[in-house]
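**Q** Below you will find the structure I want to go over with you.
Residue numbers (this note's numbering): 1 to 370.
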């Protein structure tokens, strides 16, 4: 049996007829940019997340850097972000000339809110709360700190489509929620896409202006904007997938519950969900101290795919050497990079496939497995 780390074809096949019908309808409409599908998706996504507004964009990275740009955060400013974030989170900060200030993760692999206050300086302008792997950050503490220090809060919800913090969907709590619709995401598109959510009407209008070359009126450009438009086909396909998103998340929670119940190998540290939160289980990430590579090879020999999210923390990447950090600067993030392993997790995964993964992991013994 072969089990992929993620099977996007399987996810398409779950609702293939509906996807194909929608794509064909958009093709036949003759309107492909900023039309009825984008407008409808923006309304539906805002309603789903629980915000007044949503603006469709070309990618999750665009959602991040444009957010900081429109909040006026740039050269000389600092933004607090977790040290184990995906590098796009950091790029969203630095593309505007601002400086990322890294804070180590907690036991839930998200930013340790108890360490944020010590990282605040007179130059701090915002906190980027990254809800990694479908797990919610401690938004109560983050919002309290932000309020006390007059900071903006941007939620990176790229990996958290539909999970909650104390009954509220992530992306509805901070000033702006940033979403990616990359195909592997919970509500993934069939190409690139992204959006922001907010309750600020003026900010939403500014996003719509900025995404379209800085223009509210055709050929009248107010600022040097961007070409960052969610296209009609992707918006239409996302509208189809959104109808099933809660069911897709329920399925992933069932898969995660089985992993949590039946994984018995003592060499693994299993993920936990923070009290007050639920998880959409974008990834099922275990920690494997000392034996990760051996376990990966063991699984590979049995045709089971895995991934590492992420093998290089941002402060050690070549792109950010100019920040001056060295190995040892953020030991928790560095340790995580050496230990984390994402197990197969995707909609459409069969009971037999998961049973095979479980049995193969549970029989793993360092130095003895083949």
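Where a beta carbon is used, it is the ideal one built from N, C-alpha and C, also for glycine.
1) Three Cβ pairs or more, each shorter than 8 Å: is that satisfied between the region 118-132 and the region 84-94?
2) So what does residue 100 bridge to, in DSSP terms?
3) Between the beta-carbon of residue 160 and the beta-carbon of residue 186, is there less than 9 Å?
4) Locate the beta strand (DSSP E) running through residue 156, then write down its first and last residues.
5) Just the C-alpha distance for residue 35 and residue 346, rounded to the nearest angstrom, thanks.
6) What does the alpha-carbon distance come out to for the pair residue 286 and residue 223?
7) May I ask you to list the residues that DSSP assigns as paired with residue 168?
8) Does residue 114 pass the burial test, meaning 16 or more other C-beta atoms within 10 Å, or should it be called exposed?
9) Inspect the CB distances between the region 174-185 and the region 20-36 and report whether three or more fall short of 8 Å.
10) Residues in the same chain with beta-carbon distance under 6 Å from residue 191, minus the five sequence neighbours each way, listed in chain order, please.
11) Are residue 206 and residue 14 closer than 9 Å when you measure CB to CB?
12) Since residue 270 and residue 260 are thought to touch, with beta carbons under 8 Å apart, how far apart are those beta carbons, to the nearest angstrom?
13) Alpha carbon to alpha carbon, what distance is there between residue 317 and residue 221?
14) Closest by CA to residue 282, which one among 307, 262 and 295?
15) Is the beta carbon of residue 239 sitting closer than 9 Å to the one on residue 40?
16) Which residue from 22, 9 and 37 puts its Cα closest to that of residue 229?
17) Can you tell me whether residue 261 is helix, strand or coil according to DSSP?
18) Where do the N-terminal and C-terminal ends of the beta strand (DSSP E) with residue 287 fall, by residue?
**A** According to the data block:
1) Flag = yes, the region 118-132 and the region 84-94 touch.
2) DSSP lists 79 as the bridge partner or partners of residue 100.
3) Between residue 160 and residue 186, the C-beta spacing is below 9 Å.
4) Following the DSSP letters along the chain, one finds residue 156 inside the beta strand (DSSP E) bounded by residues 152-156.
5) Using only the alpha carbons, I get a separation of about 31 Å.
6) One alpha carbon belongs to residue 286, the other to residue 223, and they sit about 46 Å apart.
7) In the DSSP output, where bridge partners are listed per residue, residue 168 has 165.
8) Per the 10 Å Cβ criterion, exposed.
9) Inter-segment contact for the region 174-185 and the region 20-36 is absent: fewer than three beta-carbon pairs are separated by less than 8 Å.
10) Scanning its chain for C-beta atoms nearer than 6 Å, with the 5 sequence neighbours on each side dropped, one finds around residue 191 the residues 234, in chain order.
11) Not in contact: residue 206 and residue 14 (Cβ atoms no closer than 9 Å).
12) About 6 Å; that satisfies the 8 Å criterion.
13) For residue 221 and residue 317, the distance between alpha carbons rounds to 37 Å.
14) Of the listed residues, the one whose Cα sits closest to residue 282 is 307.
15) With contacts defined as CB atoms closer than 9 Å, residue 239 and residue 40 qualify as a contacting pair.
16) In terms of CA proximity to residue 229, 37 leads the group 22, 9 and 37.
17) If DSSP states are grouped into helix, strand and coil, residue 261 belongs with the helices.
18) Annotation: the continuous beta strand (DSSP E) that includes residue 287 extends over 284-287.
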